[in-house]
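Under the numbering used here, the sequence shown has 160 at position 28, and the numbering climbs by one with no breaks.
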Amino acid sequence: MITLRLDPDLEKEICTAAKNLGLTKSDLIRKSIIEYLGKLESPNAWELGKDYFGRYASGLKNLSVDRKTILKEKIRAKRT
Numbered sequence: 133m134i135t136l137r138l139d140p141d142l143e144k145e146i147c148t149a150a151k152n153l154g155l156t157k158s159d160l161i162r163k164s165i166i167e168y169l170g171k172l173e174s175p176n177a178w179e180l181g182k183d184y185f186g187r188y189a190s191g192l193k194n195l196s197v198d199r200k201t202i203l204k205e206k207i208r209a210k211r212t
């Protein structure tokens, strides 16, 4: 059992939201906590890889379009 003290404005918002959703205040708070904890436990793909995205960027904006030409130029440069 947990007891929670809320300021009057927040309690009023909870009462209104619970009534609009057809839930009890306890059910609304319980579901909200479950959803919040679920978001804490499972980071999205961006959060997992944000340190690596763009880390090794080539600086070339046309790389996806001109990849074959760029590769051929690099191979020619190594041969000479």
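Every residue, glycine too, gets a C-beta built ideally from N, C-alpha and C.
Because the structure is a prediction, the values reported are computed rather than measured.
Could you compute how far the alpha carbon of PRO175 sits from the alpha carbon of ALA209?
The straight-line gap from Cα to Cα measures roughly 44 Å.
Helix, strand or coil for ALA189 per DSSP?
Coil.
How is the alpha helix (DSSP H) around LYS182 delimited, first residue to last?
No alpha helix (DSSP H) contains LYS182, which DSSP labels as neither H nor E.
Rounded to whole angstroms, what is the Cα-Cα separation between LEU180 and LEU136?
One C-alpha to the other measures close to 33 Å.
So, with DSSP's three-state summary, where would you put THR156?
Coil, per DSSP.
Quick one: what does DSSP say LEU169 is sitting in, helix, strand or coil?
In the structure shown, the three-state DSSP call for LEU169 is helix.
Is the Cβ-Cβ distance between ALA150 and LYS157 less than 8 Å?
Contact: yes.
Quick one, which of MET133, LYS182, ILE207 has its alpha-carbon nearest ARG162's?
It is MET133.
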